[in-house]
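Remarks on the structure that follows.
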Amino acid sequence: MERPNAWKKYDKKALKAVEAAAKGYKAYLDAGKTERECAREAVRLAEENGYIDLRAAIQKGHGVKPGDKLYQVQMGKAVMLFHVGRNPLEKGLNIVGAHIDSPRIDIKQNPFYEDTDIAYADTHYYGGIKKYQWVARPLALHGVVAKKDGTLVPIVIGEDENDPVVGISDLLIHLSQEQMGKKLSEAITGESLDIMLAGQPLQGEEKEPVKAMLLKFLRDKYGLEEEDMISAEIEAVPAGKARDYGLDRSMILGYGHDDRVCAYAELAAMFQLPAAPEYTCCCLLADKEEIGSVGATGMQAQYFENAVAELMQLTGEGGDLKLRRALANSRMLSCDVSAGYDPLYASAFEKKNAAYLGRGVCYNKFTGRGGKSGSNDANAEFMGRLRKIMDEHNVSWQTAELGRVDLGGGGTIAYICALYGMEVIDSGVPVLSMHAPNEIISKADLYEAIQAYTAFLIDMEG
Ligand code: MN
Ligand code: MN
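Its first residue numbered 0, the sequence shown is counted upward by one per residue in numbering that gives the first Met the number 0.
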């Protein structure tokens, strides 16, 4: 039952393809450090590959036929791609779905204050983080500010090597006797994750002169007032690019592998489909998974269902019953990362049912916690059909649970899509140091995920 390491099967040509996929992925990671940036980059790649805006197609009133490629964006933070197949949509779609939000530190709406000649931004972290990992490291600021006149000011500070970076200080070890005695979860508090932004007083300013310096910078560089922060979404993320990891360059270190590695693998799979696939193929990139798939851009919102309804109107299959059938008859890979087995923390795993770096794409029949609570728990019949497709295409794949029973757990978007009555299973890339500022994946697993998603989109039958 042990699965072979994927690297062993690669010849020279395959190794080149693995490296090419890694290169494309690193560029995607560097271009997308927020959900907005990932959505924008996905649209750019889609247009480069012949996709057109579904809303524009609706406005022009033109019909849709097999082979047509359309995309739709939800509020700039979620994206859907459709590659129309030869079968009617009523027969169901082959869907690959991932999320493009990642854990990070968000700036509050009334953020700025000055304390003892340092100007800070108050924050509220987003998603599940180990807070001690986010101090004493370079952070970059990414986001947008929505001004009252309706303009949106984009902000990226800390990525160019000539840019300054910002960050959160930690207490020096010399005075940490009390802190070091605390539980890891309590040593750094959420309210203390404040970001240092400036340290020089503005000449001639009496009251809060350092904060005045910060506000001057925002005014001069971006034309912003302090009050504009009320309608801003600024995210502090680890500064710097994704890097090859390991002396053999077999891995990638980067911010946001969860879940941008699966998002990228989905896009790569979509872009290598035949001109008119048998079933309509869909790539779904959702937001807000890390905080429960909530909000108008999270998977719990109905934009996916609405987009399929719009698409069916264009293919001449309008009507509520047909839409319900299309959704219920669909097959889906919920593409999300899995916990990679870490020998340094062996006791957190059960070795027979763990995902290993380098052994290929990982299927999780269920996720959840304590008695599978909150999981999707896919059907055995669906997994059986997937095994056949994976083996026919010589894909390296493995199966896993998230970790040792009763140790913790997690969820994905799988259970939400399953509400339509479609077949769904979790399928993704194993990650080490998940949710840390820098996570680790194997290039082989990225490559195998692309092969797996392609095989699924082309070969999964209704
Ligand atoms: Mn995830
Ligand atoms: Mn996650």
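The beta-carbon is built from N, C-alpha and C at its ideal position, and this holds for glycine as well. It should be emphasised that the depicted structure is a prediction, and the values quoted were computed from it without experimental measurement.
- DSSP assignment within the region 241-297 yields the following whole alpha helix (DSSP H) runs of 4 residues or more, N-terminal first: 256-269.
- For Asp257, the shortest C-beta to heavy atom distance toward ligand 2 is below 7 Å.
- The beta carbon of Leu223 lies closer than 8 Å to those of Val144, Lys146, Val152 and Leu217 in the same chain, with the five residues before and after it left out.
- For Leu217, there is no enclosing beta strand (DSSP E); the enclosing alpha helix (DSSP H) covers residues Pro208 to Tyr221.
- A Cβ-Cβ separation of about 6 Å places Pro436 in contact with Gln132 under the 8 Å criterion.
- The beta carbon of Tyr124 sits closer than 8 Å to those of Pro102, Arg103, Ile104, Asp105, Lys130, Trp133, Gly189 and Leu192, all from its chain and outside the five residues before and after it, given in chain order.
- In terms of Cβ geometry, Val83 and Thr398 do not form a close pair [threshold 8 Å].
- Apart from sequence neighbours up to five positions away, the residues of its chain that approach Ser329 with a beta-carbon distance below 6 Å are Gly91, Leu92, Ile94 and Met421, ordered along the chain.
- Less than 8 Å divides the Cβ of Gly373 from the Cβ of Gly410.
- Ranked by how close their Cα comes to the Cα of Leu401, the residues Ile233, Leu431 and Gly294 have Leu431 in first place.
- For Thr122, the uninterrupted beta strand (DSSP E) run begins and ends at Ile117 to Tyr125, by DSSP.
- The beta carbon of Tyr302 sits closer than 8 Å to those of Gln71, Gln73, Ala77, Met79, Ala295 and Thr296, all from its chain and outside the five residues before and after it, given in chain order.
- About 19 Å separates the beta carbon of Leu418 from that of Leu88, a gap too long to meet the 8 Å contact definition.
- Here Ile424 is near Lys364, since their CB atoms are less than 8 Å apart.
- Residue nearest to Met228 within the set Ala20, Asn109 and Pro65 is Asn109 (criterion: CA-CA distance).
- Here DSSP, grouped into helix, strand and coil, assigns Tyr362 to strand.
- Asn393 counts as exposed, since fewer than 16 other C-beta atoms from the protein chains shown sit within 10 angstroms of its C-beta.
- With 16 or more other Cβ atoms inside 10 Å of its own Cβ, Lys32 counts as buried.
- Residue range Leu138 to Ala145 is occupied by the beta strand (DSSP E) that includes Gly142.
- Taken atom to atom, the span from the alpha-carbon of Lys68 to that of Tyr452 is near 18 Å.
- Residues of the same chain with a CB within less than 6 Å of the CB of Ile233, apart from the 5 flanking positions on each side, are Ile106, Leu140 and Gly142 in chain order.
- Relative to Lys321, the option among Ser333, Ala308 and Met331 whose CA is nearest is Ala308.
- Set against 7 Å, the gap from the CB of Glu40 to the closest heavy atom of ligand 2 is not smaller.
- Sixteen is the threshold: when 16 or more other Cβ atoms of the shown chains lie within 10 Å of the Cβ of His434, as they do, the residue is buried.
- Judged by their CB atoms, Gly96 and Met331 are nearer to each other than the 8 Å cut-off.
- The beta carbon of Asn48 is closer than 6 Å to those of Phe270 in its chain, skipping five residues each way along the sequence.
- Selection Asp100, Phe111 and Ala56 evaluated against Gln312 yields Ala56 as nearest (Cα-Cα).
- The region 347-391 contains, as complete alpha helix (DSSP H) runs of 4+ residues, the segments 379-391 (chain order).
- According to DSSP, residue pairing for Ile440 in a beta bridge involves Ile251.
- For Gly407 and Thr366, the gap between their C-alpha atoms comes out near 10 Å.
- Only buried fits Ile187, as 16 or more other CB atoms lie within 10 angstroms of its CB.
- Val164 is positioned such that its CB atom lies no closer than 8 Å to that of Leu196.
- According to DSSP, Met79 shares a beta bridge with Gln71 and Leu283.
- Given a length threshold of 3 residues, each whole run of the beta strand (DSSP E) inside the region 166-209 is given here in chain order: 194-197.
- Among the bridge pairs identified by DSSP, Gln397 is matched with Cys361.
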